[in-house]
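Below: the structure, in structure tokens.
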Amino acid sequence: MSGPTATWLLLIAATLISYVSWLDEDWADPRLTGSIVVAIACGKAWLIGMRFMELREAVWPLQLIFNLWTVGVGVILITMFLQAG
């Protein structure tokens with residue numbers, strides 16, 4: 012199994028991991044749990060961009076901008092999550 016089906020299954024697995032991490036709030040600090048969910052969401056956004064929007068075949072400056080945007084937004088959101096409360 013490869014291509015879009017494998018990517019779709021990986022996205023479903025990541026969604027389930029995010030969901031399960033919120034089910035039991037006592038297993039970790041909510042800031043850590045939120046950070047994990049944000050990191051997974053950024054990974055999912057990267058996968059969607061690279062696989063389904065075909066950025067993996069785009070010119071390298073566009074790939075670089077997308078990669079920097081994905082990492083930058085993730086770092087900013089996780090930093091905000093960890094500094095809250």
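Residue 12 is where the sequence shown starts when you use this note's numbering, and the numbers rise one by one after that.
Just so you know, even glycine gets a beta-carbon here, dropped at the ideal spot from N, CA and C.
- Taking LEU22 as the centre and dropping the five residues before and after it, the same chain places the C-beta of LYS55, LEU58, ILE59 closer than 8 Å to its C-beta, in chain order.
- Comparing C-alpha distances from ALA52 to each of ASP40, PHE63, ILE89 shows the shortest one belongs to ILE89.
- DSSP places VAL82 in the helix class (H, G or I) of the three-state scheme.
- For SER13, no alpha helix (DSSP H) encloses it, and the DSSP letter there is neither H nor E.
- Residue state for ASP35 is assigned as coil, using DSSP reduced to three classes.
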